[in-house]
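Below you'll find the structure, written out as structure tokens, and then a few comments.
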Amino acid sequence: MTAPEQILEFWLDQVGPKGWYLQDETLDQQIREQFLGAWEDACEGRYSMWLTYPSGALAYLILTDQFPRNMFREDPRAFAADAIACAVAKSAIKQEYDLKIDEPARQFFYLPLMHSENLEDQERCVRLLLERMPKFGPANLLHARAHREVIRAFGRFPYRNAALGRHSTAAEMDYVASGGYGSTVRVLQAAE
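Encoded structure:
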């Protein structure tokens, strides 16, 4: 059994903010080797006791929302636990567990909302970053707004379609061909 402290020590201390959003196959492989079994266990309903306190909920969210994106790039399993992570994030935020975790780690309570293909979740993510992350929120705000714009335009993330076996519309194919998410970020940056 994996302990929440193992996840937090690895992700927050060893990898740290500079490595959280890099695409690095070595890191991805390390996460698979150390935490694939724990992710499978979480998907089967184990680790529910972690959800009873702030640092446990944080570890659970990293395990179910962030780690699969590293372990399973271009694979539907990258998104397999999204509904679980989103529900846990909402519950933890309601209990204000997020406010008991220091920035920048606090952002992992909000990322399941940013990863959601639901506009209401997107709006909430932007609002939470503005309200509850005064120091590090602005760094993430651009990406939260970009995710929200994609959901406003398409109701889903077109760049997930191939991995999820979804049919892309002509508008989605044009969007991806013209730079996709990166183009949305650039447009928002230019507007600031």
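The sequence shown runs 1 to 192 under full-length UniProt numbering. All C-beta atoms, glycine included, are put in the ideal place defined by N, C-alpha and C.
{"Asked": "Start-to-end residues for the alpha helix (DSSP H) that takes in H143", "Found": "G137 to F154"}
{"Asked": "Coil, strand or helix - W20 by DSSP", "Found": "coil"}
{"Asked": "Spatial neighbours of L119 in its chain, beta-carbon cut-off 8 Å, leaving aside the 5 residues before and after", "Found": "R148, I151, R152 and G155"}
{"Asked": "Nearest-angstrom beta carbon gap, L164 and F68 [assumed within contact, 8 Å]", "Found": "Checking the sequence, you will find Pro at residue 68 rather than Phe. Their Cβ separation, rounded to whole angstroms, is 13 Å, which puts P68 and L164 out of contact at 8 Å."}
{"Asked": "Burial state of V187 (16 or more Cβ within 10 Å)", "Found": "exposed"}
{"Asked": "Span separating the alpha-carbon of Y97 from that of T169", "Found": "40 Å"}
{"Asked": "DSSP-derived helix/strand/coil call for Q107", "Found": "helix"}
{"Asked": "Contact under 8 Å by Cβ, C125 with Y110", "Found": "yes"}
{"Asked": "Range covered by the alpha helix (DSSP H) that runs through Y181", "Found": "G180 to A191"}
{"Asked": "Residues near R32 by beta carbon distance below 7 Å, same chain, minus five either side", "Found": "M71"}
{"Asked": "For F72, the three-state DSSP class (helix, strand or coil)", "Found": "coil"}
{"Asked": "Reduced DSSP category for N118 - H, G, I as helix; E, B as strand; rest coil", "Found": "coil"}
{"Asked": "Neighbour-count burial assignment, T2, 16 or more Cβ in a 10 Å radius", "Found": "buried"}
{"Asked": "Limits of the alpha helix (DSSP H) - the one that V176 falls within", "Found": "A170 to A177"}
{"Asked": "Own chain, CB closer than 7 Å to A78, minus 5 neighbours either side, in chain order", "Found": "P68, R69, F72 and A163"}
{"Asked": "Status (buried if at least 16 other CB within 10 Å, exposed otherwise) for L22", "Found": "exposed"}
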